[in-house]
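**Q** Protein chains in written order, with the working numbering: chain L, 1 to 358; chain W, 1001 to 1563. We put the CB at the ideal spot given by N, CA and C, even for glycine. All figures in this text were calculated on a predicted structure; none of them were measured in a lab.
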Amino acid sequence: MAKLLIENLQKRFGGVKAIDGVTLTVADGEFVTLLGPSGCGKTTTLNCLAGLETPDEGTIRVGDKVFFDSGRSIDLPPESRNAGLVFQSYALWPHKTVGANIDLPLRLRKYSEKEIRERVENVMKVVELSGLEKRYPHELSGGQQQRVALARALVYEPSILLLDEPLSNLDAKLRERARFWLRQIQKRIGTTTIYVTHDQLESLALSDRIAVMKDGKILQIGSPTEIFEKPSVPFVADFMGTNNFFEGTIQSLEGDRMVFRLANGRELIVPTIPDALPGKKATMAIRPQNVQLASAAGAEAPNVFTVKVVGGQYLGTYYEYIVNDADGDFLFHTRKEIHGDQATVYFDPAECSVFLKQ
Amino acid sequence: MQLSWPKRSPVIQWSGALAAILMVAFPLVPLAYQSFLDRPIYESGSLLTLNNYLNLFTNPLFHQTVVNSFLFALMASSASVFLGAVAAIFVNRTDLPFDRLWRNIFLWPFFVSTIIMVFGYILMYGPKGMISNYMMQFFGFIPWNLYSIPGMAMVSAIHGAPVAFIFCSSSVVLADSSLEDAARAAGAGPYRAIGSVTLPLLRPSLLFAAVLSFTGALEAFSTPVLLGKPVGILMFTSFLYEQGIQAVRPDYGLVASGAMVVVALVTGMIVVQERLLTNVRRFVTIRGKATAPRKIRLGVMKPMVVGLVFLWLMLTIILPLGAVVLRSFVAVLSPYIPFWEMLTLDNYENIITNSTNYISIWNALYIAVIGGALSTTFLILIALIGRRSKFPGKTILNFVAFFPRAVPSIIIGFGFFMGFIMFPFLGSIRSTIWGLILVYTVRHMPGGFGNISAPILRISEEMDNAVRVSGGDWWTAVRLAVIPLLKPAIMSTFLLLLVIFTKEYSAALFIMAPGSEVAGVVMLNHWFQGEAGTATAMSVVQLVLTALIVVFASRVLRVKIYG
Chain L
1 MAKLLIENLQ KRFGGVKAID GVTLTVADGE FVTLLGPSGC GKTTTLNCLA
51 GLETPDEGTI RVGDKVFFDS GRSIDLPPES RNAGLVFQSY ALWPHKTVGA
101 NIDLPLRLRK YSEKEIRERV ENVMKVVELS GLEKRYPHEL SGGQQQRVAL
151 ARALVYEPSI LLLDEPLSNL DAKLRERARF WLRQIQKRIG TTTIYVTHDQ
201 LESLALSDRI AVMKDGKILQ IGSPTEIFEK PSVPFVADFM GTNNFFEGTI
251 QSLEGDRMVF RLANGRELIV PTIPDALPGK KATMAIRPQN VQLASAAGAE
301 APNVFTVKVV GGQYLGTYYE YIVNDADGDF LFHTRKEIHG DQATVYFDPA
351 ECSVFLKQ
Chain W
1001 MQLSWPKRSP VIQWSGALAA ILMVAFPLVP LAYQSFLDRP IYESGSLLTL
1051 NNYLNLFTNP LFHQTVVNSF LFALMASSAS VFLGAVAAIF VNRTDLPFDR
1101 LWRNIFLWPF FVSTIIMVFG YILMYGPKGM ISNYMMQFFG FIPWNLYSIP
1151 GMAMVSAIHG APVAFIFCSS SVVLADSSLE DAARAAGAGP YRAIGSVTLP
1201 LLRPSLLFAA VLSFTGALEA FSTPVLLGKP VGILMFTSFL YEQGIQAVRP
1251 DYGLVASGAM VVVALVTGMI VVQERLLTNV RRFVTIRGKA TAPRKIRLGV
1301 MKPMVVGLVF LWLMLTIILP LGAVVLRSFV AVLSPYIPFW EMLTLDNYEN
1351 IITNSTNYIS IWNALYIAVI GGALSTTFLI LIALIGRRSK FPGKTILNFV
1401 AFFPRAVPSI IIGFGFFMGF IMFPFLGSIR STIWGLILVY TVRHMPGGFG
1451 NISAPILRIS EEMDNAVRVS GGDWWTAVRL AVIPLLKPAI MSTFLLLLVI
1501 FTKEYSAALF IMAPGSEVAG VVMLNHWFQG EAGTATAMSV VQLVLTALIV
1551 VFASRVLRVK IYG
């Protein structure tokens, strides 16, 4: 159990920067998720922590142990890091029983037979698999295999737990259950955890903090609510669920609100942001589920306008409509079916996020 | 800085890699050196010179050799690819009855030493052969000449066809019929589908197989020595054999420069092969789901096709091998005397009474089993270093391990001969079978290394990474997670090397000493001395031993040779 410090981590593959200056501090016992699309450098970062990849530059420290320091030419091999890693494919050794899979790390650490037995028994209880020690991995279900992989990574009390999309091979229902369960276990044992995923729901449900990555850089780091509700750049807003984006110009500032003029001439009231000045170009985002039918708002409310319905589909819990306002299409979700080809919609200013153009 | 013992894994990686590099350099460096010396490497006062190459290039015999070799290789490779591809299509894609039986017989020559096949061909189709004689009786002439370049090419093609067959059969196009199904759905008949989809897609595989067997033909030894040399048709290998072994005063400078030229030529072929292979792999990556390929119905043609297949296999494989067996049980094999009047066990008695004979069979078997096992162990180690570690010299190791492909057996043997002279402190193993095991291991390093590399690369790296993260070093990781999963591939590599080592003898020509002879060389000498009976009896013993081992391995141990 220890604090993790990553400073200015760099890793190139050929000419491509897989990790481009990642700096991250993770508190003791904290659960931090690296979230991003494939190719963003999240798994490479995880592999650098485990020692499976060698970074080009930077430092990695866990507690008082230096894992990697390019300045001092320190690069601990994976076996000396005492990190626990759960692979995306679980990587259970198919020729060994569940028990042998789990006790191998202990045997490599030369624990006594008695202690091995106790620890395996304990960890099997924690992952709720007691009694399956004699089975082979292929005789278990996907969910059970995933728990064996977790048990193997936890049994030697690693100083840091690394999880590489461990839930991605489970089917949707099981994945939700496993999510709750994983969070509970991590809270109980309190190991500092780095979790890698491209699934924004998973990251919201599990993490103390989320670091959104793109092109080898961390774009934003913060609590799930911060990341979801206050994205700092359009990419984060887009990645955390579908978003509608509108390009436009800031017209005027009025206290905590400002007037934002869209390309098609429509003016909207949106929240003020730091560094906002009239005339600056900006992007505004609003989620489809936050666009409301105007009947829900007062008649005189701002941001109410009529749009043309281009298409719609029924998705069970809601209808999704594509609508057109002047020359721009956007999406919105509603529980009510729209009859006819027109709708009046309302953008609640509190739900609008605005990002200045760089 | 704290001094400490070097860690285990780097020590293993460095020693494995260095051993492989030294083993490959040991024959090749002295060979290259000798090719630039004005006198044999063991004489003092030698000077560097280019005269060997000048002599070689102005030698009309060598000119003829180059032309013969290329003509032979061209004919042999096109014929073997044709045979292999036709057989692959018929066996894999039509409803030919008894396809497994035909397939197995077609593959026999792979397991049989070429020298034995050639004995059989001489006994059947040579100027005094049984079938030649019937031809003479019925037509008054023999419509073929075995002792010619086309004759040799035909023998070589039949012997090389199994590899082409295996290569074509494993090609995606033949394993997956969905491409053909698409053509059928678009309205093409079965033959049209094969003609306009399967064959064109097979082209890269065919080209690759052709280059592969072309290289193989350049390296062939038994066929040129037994069929070409007696009538004065020399090829690279028989040229080197004549100049280096049969000559009263061998000109080692000339042999070495000739060997270097052959190595350079074959290296060129391999570069072409590599280029083609990357193209072939592009085809392999489109592998879809494993579906049982739909078979084309032969219909009314079926009885005729079966008849033709049976006749072909009978004439090219079963009868020649049968002739070897028959010859071993008679004193004289002649169409004018019924063989049952000449039956005898004298030939087998010769094996038992002459120690050279039985020792050579025993040596060949010992080298195949013990040497094959040692060789497999070593090759797995270097394949793990080359394919599955962060060893800094990986690229060099992989290159070195594949390099002996460019060096025909007889040249590797000659190189070791030079190496043992240059480094006399190793001379003590030269005349033992351990020296031969070393030579064979180097010669067949590429085959074994390649055979084990693909399965290693198929095992997910997460398997050993999981051990590393759990606290094991590299060596622990490969021992606990990679090697156990490689078991089937290890057995198949062992069986492959065992078969190859049994067949190999031209690598031993320059190295062996009394007591370390191998069966092939002794058989060759008996044949040249007119003792065909003893030669064929030894062949039969070797055939039976090989068959027992292969059948035991594939039926009882369920080892798959070749993928």
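Step through the CB atoms of chain A and report whether any lies within less than 8 Å of the CB of W/Asn1398.
**A** Of the chains in the structure shown, none is chain A; the protein chains are L and W.
**Q** Indicate whether at least one CB of chain W lies closer than 8 Å to the CB of L/Phe67.
**A** For the purposes of this step, residue 67 of chain L is taken as the residue at position 67 of the first sequence. False, the Cβ-Cβ gap to chain W never drops below 8 Å.
**Q** Which residues in chain W sit within 7 Å of L/Glu79, going by Cβ to Cβ distance?
**A** Along the first sequence, read from residue 1 onward, the residue named residue 79 of chain L stands at position 79. Chain W residues near L/Glu79: Arg1468, Gly1471, Gly1472, Asp1473.
**Q** Could you give the residue range of the alpha helix (DSSP H) that holds W/Phe1052?
**A** By 1-based counting over the second sequence, the position of residue 1052 of chain W is 52. Rather than Phe, the amino acid found at residue 1052 of chain W in this sequence is Asn. Looking at the DSSP string, the run of the alpha helix (DSSP H) that includes W/Asn1052 is 1051-1058.
**Q** Just list the alpha helix (DSSP H) runs in the segment 1010-1084 of chain W, keeping only unbroken ones of 4 residues or longer that don't cross its boundaries, in chain order.
**A** Runs found: 1051-1058.
**Q** Which of helix, strand or coil does DSSP assign to L/Asn8?
**A** Taking the first residue of the first sequence as 1, we reach residue 8 of chain L at position 8. Three-state DSSP puts L/Asn8 in a strand.
**Q** Report the rounded CA-to-CA distance for W/Lys1289 versus W/Ser1178, giving the unit in angstroms.
**A** The residue you call residue 1289 of chain W lines up with position 289 of the second sequence. The residue you call residue 1178 of chain W lines up with position 178 of the second sequence. Because W/Lys1289 carries a pLDDT of 43, less than 50, the predicted location of this residue cannot be relied on, and the following value inherits that uncertainty. In a straight line, the C-alpha of W/Lys1289 is about 10 Å away from that of W/Ser1178.
**Q** Between W/Ala1481 and chain L, is any beta-carbon pair separated by less than 8 Å?
**A** Translated into positions along the second sequence, residue 1481 of chain W becomes position 481. At least one chain L Cβ lies under 8 Å of W/Ala1481.
**Q** Could you confirm whether any beta carbon from chain L is found closer than 8 Å to the beta carbon of W/Val1550?
**A** Walking along the second sequence from the start, residue 1550 of chain W turns up at place 550. Judged by the 8 Å Cβ criterion, W/Val1550 is not in contact with chain L.
**Q** Enumerate in chain order the residues of its own chain whose CB-to-CB distance from W/Arg1103 is below 6 Å, with the five nearest sequence positions on each side excluded.
**A** Mapped onto the second sequence, residue 1103 of chain W falls at position 103. Answer for W/Arg1103: Val1091, listed in chain order.
**Q** Can you find the residues in the same chain that come closer than 6 Å, C-beta to C-beta, to W/Pro1040, ignoring five residues on each side of it along the sequence?
**A** Counting from one through the second sequence, the residue named residue 1040 of chain W turns up at place 40. Once the five neighbours on either side are set aside, the close Cβ partners of W/Pro1040 are Tyr1252.
**Q** Please classify L/His339: does DSSP put it in a helix, a strand, or coil?
**A** Counting from 1 along the first sequence, the entry for residue 339 of chain L is found at position 339. Coil, per DSSP.
**Q** Here's the rule I'm using: 16 or more other beta-carbon atoms within 10 Å means buried, otherwise exposed. How should W/Pro1455 be labelled?
**A** Walking along the second sequence from the start, residue 1455 of chain W turns up at place 455. By the neighbour-count criterion, in which 16 or more other beta carbons inside 10 Å mark a residue as buried, W/Pro1455 falls on the buried side.
**Q** Measuring only the C-alpha atoms, how far is W/Ile1166 from W/Ile1380?
**A** Taking the second sequence and counting its residues from 1, one reaches residue 1166 of chain W at position 166. Taking the second sequence and counting its residues from 1, one reaches residue 1380 of chain W at position 380. Cα to Cα, W/Ile1166 sits roughly 23 Å from W/Ile1380.
**Q** Based on the DSSP output, what are the partners of L/Ala211 in its beta bridges?
**A** The residue labelled residue 211 of chain L in the question sits at position 211 within the first sequence. Answer is L/Leu34, L/Ile221.
**Q** Can you name the start and end residues of the beta strand (DSSP E) that L/Arg61 belongs to?
**A** Locating residue 61 of chain L in the first sequence gives position 61, counting from the first residue. Unbroken beta strand (DSSP E) run through L/Arg61: 57-62.
**Q** Against W/Pro1484, what residues of chain L qualify as contacts under a CB-to-CB distance less than 7 Å, listed in chain order?
**A** Within the second sequence, numbered from 1, the residue matching residue 1484 of chain W stands at position 484. The contacting residues are His95.
**Q** Report all residues from its chain with a CB closer than 6 Å to the CB of W/Arg1282; omit the five preceding and five following residues, and keep chain order.
**A** Numbered from its first residue, the second sequence carries residue 1282 of chain W at position 282. Bear in mind that a pLDDT of 47 at W/Arg1282, under 50, signals an unreliable position, so the model cannot answer this.
**Q** Flag this pair as touching only if the segment 1108-1121 of chain W and the segment 1147-1162 of chain W have three or more C-beta atom pairs under 8 Å; answer yes or no.
**A** The segment 1108-1121 of chain W is in contact with the segment 1147-1162 of chain W.
**Q** Assuming L/Gly41 contacts L/Gly216 (C-beta within less than 8 Å), just tell me the rounded distance between them.
**A** Sequence index remark: in the first sequence, residue 41 of chain L carries index 41 (1-based). Sequence index remark: in the first sequence, residue 216 of chain L carries index 216 (1-based). By a beta-carbon distance limit of 8 Å, L/Gly41 contacts L/Gly216. Their separation comes to about 4 Å.
**Q** Closest Cβ-Cβ distance between L/Ser73 and chain W: below 8 Å?
**A** For the purposes of this step, residue 73 of chain L is identified with residue 73 of the first sequence, where counting begins at 1. It does not; no Cβ of chain W falls within 8 Å.
**Q** Taking its Cβ as the centre, do 16 or more other Cβ atoms sit within 10 Å of L/Asn264, making it buried, or is it exposed?
**A** Counting from 1 along the first sequence, the entry for residue 264 of chain L is found at position 264. So L/Asn264 counts as exposed.
**Q** Kindly list, in the order they appear in chain W, the residues whose Cβ is closer than 8 Å to that of L/Ala205.
**A** In the first sequence, the residue the question calls residue 205 of chain L occupies position 205. Residues of chain W passing the Cβ test: none, with the nearest at roughly 25 Å.
**Q** By a C-beta neighbour count over all protein chains shown, 10 Å radius and 16 as the cutoff for buried, is W/His1526 buried or exposed?
**A** The residue given as residue 1526 of chain W occupies position 526 in the second sequence. W/His1526 is buried by the Cβ-count criterion.
**Q** Out of W/Phe1036, W/Met1269, W/Val1255, point me to the one whose CA is closest to W/Leu1212's CA.
**A** Here residue 1212 of chain W refers to the residue found at position 212 when the second sequence is read from its first residue. When each option's Cα is compared against that of W/Leu1212, the closest is W/Met1269.
**Q** Any C-beta of chain W within less than 7 Å: which residues of the segment 97-110 of chain L qualify?
**A** Leu104, Pro105, Leu108, Arg109
**Q** Contact between the segment 253-264 of chain L and the segment 217-230 of chain L: three or more CB pairs below 8 Å?
**A** When C-beta atoms of the segment 253-264 of chain L are compared with those of the segment 217-230 of chain L, fewer than three pairs fall below 8 Å, so the two segments do not count as touching.
**Q** In angstroms, rounded to a whole number, what distance separates the CA positions of W/Thr1536 and W/Asn1354?
**A** The residue you call residue 1536 of chain W lines up with position 536 of the second sequence. The residue you call residue 1354 of chain W lines up with position 354 of the second sequence. If I take the Cα positions, the gap works out to 15 Å.
**Q** On the criterion of 16 or more Cβ atoms from any shown chain inside 10 Å, does L/Val310 qualify as buried, or is it exposed?
**A** Indexing the first sequence from 1 puts residue 310 of chain L at position 310. Label assigned to L/Val310: exposed.
**Q** Using a Cβ-Cβ cut-off of 6 Å (strictly less than) and excluding sequence neighbours within five positions of W/Ala1513, which residues of its own chain qualify?
**A** Start at 1 with the first residue of the second sequence, and residue 1513 of chain W comes out as number 513. Ser1431, listed in sequence order.
**Q** Going along chain L, which residues have a C-beta under 7 Å from W/Met1463?
**A** By one-based count along the second sequence, residue 1463 of chain W stands at place 463. Under the 7 Å cutoff, chain L gives Ala91, Trp93.
**Q** Which residue from W/Leu1543, W/Tyr1042, W/Val1540, W/Val1541 puts its Cα closest to that of W/Ile1421?
**A** By one-based count along the second sequence, residue 1421 of chain W stands at place 421. Selected option, being the one with the closest Cα: W/Tyr1042.
**Q** Report the rounded CA-to-CA distance for L/Val123 versus L/Val98, giving the unit in angstroms.
**A** If you number the first sequence from 1, residue 123 of chain L lands on position 123. If you number the first sequence from 1, residue 98 of chain L lands on position 98. Using only the alpha carbons, I get a separation of about 12 Å.
**Q** Is it true that the CB of W/Leu1031 sits closer than 8 Å to the CB of W/Ala1406?
**A** Here residue 1406 of chain W is taken as the residue at index 406 of the second sequence, counted from 1. Here residue 1031 of chain W is taken as the residue at index 31 of the second sequence, counted from 1. Taking 8 Å as the Cβ cut-off, W/Ala1406 and W/Leu1031 do not qualify as a contacting pair.
**Q** By how many angstroms is the C-alpha of W/Leu1374 removed from the C-alpha of W/Asn1357?
**A** To locate residue 1357 of chain W, count along the second sequence from 1; it is residue 357. To locate residue 1374 of chain W, count along the second sequence from 1; it is residue 374. Taking the straight line from one Cα to the other gives about 25 Å.
**Q** Report yes or no: is there a C-beta of chain W within less than 8 Å of the C-beta of L/Arg152?
**A** Along the first sequence, one-based indexing puts residue 152 of chain L at 152. Answer yes: the Cβ-Cβ gap between L/Arg152 and chain W drops below 8 Å somewhere.
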